[in-house]
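Peer 1: Got a structure here, written out as structure tokens. Questions coming.
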Amino acid sequence: MKNRPLTILITTGILLMSAGQSSLSFAHGDETHPIEQKAFIGVDSAAGNVVKQFHVALQTGNEAIVRQSLAVNVQIYEGGKVERSLTDYANHHMLADMAYLKGLTITPKEHQVTITDDIAISTSISHAQGEYKGKSIDSMTMETLVLIKQADGHWKITHVHWS
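Okay, here's the thing in structure tokens:
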């Protein structure tokens, strides 16, 4: 696909419109928005299975499966920073992410995987509870993953955005 970034942008726009988002708002202040419905759609697809495998591998410290799930050119956005390749991630935050997740109980609240041709977008909201380095953790986490179907038919995660 020649115009992959344009396709991703269009697909993201379609997803936002289909979710009833008519405008984007970046300033919510202290507003809270309860999650009213649990939606688990497309999670048993081939792309959804790669996402689930990736999550389990991160939480159990399985570096080989994490590496297998991510594309070589993956971009990972988290906390205002970006890692621009699998090598970058492996050399910087992967082991720290695994150590952090190991002591947490992650409860999925919502997870949707939408597939259009050779692009899949996974969006999820989870509740993380536990302890890390003596600190109590109790937070809602949001994740967006973009996966691309490779020439061999396998799905690889090419973009991660955690918040």
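Under mature numbering (1 follows the signal peptide of the UniProt record, and there is no 0), read the sequence shown as residues -27 to -1, 1 to 136, first letter to last. In this text, a Cβ means the ideal position worked out from N, Cα and C, and glycines have one as well.
1. In chain order, what residues of the same chain lie with their CB nearer than 6 Å to the CB of Y62, ignoring the 5 residues before and after it?
2. Tell me which residue opens and which closes the alpha helix (DSSP H) that V29 is part of.
3. On the DSSP bridge assignment, give the partners of T101 in chain order.
4. Going by DSSP, name the residue or residues bridged to A93.
5. Just the Cα atoms here: how many angstroms apart are residue 142 and V24?
6. If you follow the beta strand (DSSP E) that A44 is part of, which residue opens it and which one closes it?
7. Assuming H134 is part of the beta strand (DSSP E), what are its boundary residues?
8. Rounded to the nearest angstrom, what separates I79 and Q102 at their Cα positions?
9. Less than 7 Å between C-beta atoms, sequence neighbours within five positions excluded: which residues of the same chain meet that for Q32?
10. By the three-class DSSP mapping on this structure, what secondary structure does V39 have?
Peer 2: This is what the structure holds:
1. I49, E56
2. 19 to 33
3. Looking at the sequence provided, one finds Ala at residue 101 rather than Thr. According to DSSP, which records beta bridges pairwise, A101 is partnered with I79, S112.
4. I88, L120
5. Outside the displayed span of the chain (-27 to 136) sits residue 142, for which this structure offers no information.
6. 43 to 51
7. Per DSSP, H134 belongs to the beta strand (DSSP E) from 128 to 135.
8. 7 Å
9. L74, K75, I79
10. helix
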